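Position 126 of the sequence shown, counting from 1, maps to 308 under my numbering, and the rest follow consecutively.
All C-beta atoms, glycine included, are put in the ideal place defined by N, C-alpha and C.
Just so it is clear, the structure is predicted and the values come from calculations on it, not from any experiment.
Report on one structure; see the data block that follows.
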Amino acid sequence: MAEPSLITLTSVAAKSVASVIACAGVGAYARWSGVLTNKNQELLDKLVSKIFLPALILGKLLPNMNLECLLNAWPLAVNCLCLVLYGILTGYYCGRAVPPRYKGLMMVAVAFPNSFSVPMTLLLTL
């Protein structure tokens, strides 16, 4: 199996990063322009987490999934685990700056927000 060149890897990485930046930019613009209010944000969060993300996973990954693909993508599962563990540790230390009753909330808030969505975006770009 031929190894990909540095240019190929750089272009794939740049495409993934551009995708994440574009998503964040659209969200920031929607919030700044008043389209994304607190109420709308809660609704959008539910739609994305309960409907759109599962549909994207089922529609994009399952038709192309095989054993070879799973073996090639296993680092993403390890990456998610490392992100969550690092987030919990970071949240624990950040939690020392808030009242004790909010310590657990701080740990969860820091640990989980992007642990699965960013790797999924990267995988879909690849």
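Checklist entry - Where does Pro281 fall in DSSP's three states? => result Position 99 of the sequence shown holds residue 281. Of the three classes helix, strand and coil, the one that applies to Pro281 here is coil, per DSSP.
Checklist entry - What whole-angstrom Cβ distance do Val280 and Met288 have, given they're in contact under 8 Å? => result Reading the sequence shown from its first residue, position 98 is the one you call residue 280. Reading the sequence shown from its first residue, position 106 is the one you call residue 288. The pair is a contact, with the Cβ atoms about 6 Å apart (cut-off 8 Å).
Checklist entry - Would you call the CB atoms of Val266 and Ala293 closer than 8 Å? => result Translated into positions along the sequence shown, residue 266 becomes position 84. Translated into positions along the sequence shown, residue 293 becomes position 111. The answer is yes: Cβ separation under 8 Å.
Item to check | Alpha carbon of Leu271 to alpha carbon of Cys264, nearest angstrom | outcome: For the purposes of this step, residue 271 is identified with residue 89 of the sequence shown, where counting begins at 1. For the purposes of this step, residue 264 is identified with residue 82 of the sequence shown, where counting begins at 1. In a straight line, the C-alpha of Leu271 is about 11 Å away from that of Cys264.
Checklist entry - If you scan the stretch 218-283 from start to end, which runs of the alpha helix (DSSP H) of 4 or more residues do you find wholly inside it? => result 220-229, 235-242, 249-277
Next on the checklist: For Gly207, count the other beta carbons within 10 Å of its own beta carbon; 16 or more makes it buried, fewer makes it exposed. Which is it?
Outcome noted: Numbered from 1 along the sequence shown, position 25 holds the residue referred to as residue 207. Per the 10 Å Cβ criterion, exposed.
Item to check | Residue range of the alpha helix (DSSP H) that includes Ala204 | outcome: Residue 204 sits at position 22 when you count from the first residue of the sequence shown. Where Ala204 is concerned, the enclosing alpha helix (DSSP H) stretches over 188-214.
Next on the checklist: Taking 8 Å as the threshold (C-beta atoms), are Ala255 and Gly273 in contact?
Outcome noted: Start at 1 with the first residue of the sequence shown, and residue 273 comes out as number 91. Start at 1 with the first residue of the sequence shown, and residue 255 comes out as number 73. No, the pair does not count as a contact, with Cβ atoms beyond the cut-off.
Checklist entry - When you compare only the Cα positions, how much space is there between Leu249 and Ala237? => result The count along the sequence shown starts at 1 and reaches residue 249 at position 67. The count along the sequence shown starts at 1 and reaches residue 237 at position 55. Spanning the two alpha carbons is a distance of roughly 21 Å.
Checklist entry - Taking all protein chains shown into account, do 16 or more other C-beta atoms lie within 10 angstroms of the C-beta of Gly277, making it buried, or fewer, making it exposed? => result The residue you call residue 277 lines up with position 95 of the sequence shown. That one is buried.
Checklist entry - Using DSSP with H/G/I as helix, E/B as strand and the rest coil, what is Ala291? => result On the sequence shown, residue 291 is found 109 positions in, with the first residue counted as 1. In the structure shown, Ala291 sits in a helix (DSSP, three-state: H, G or I).
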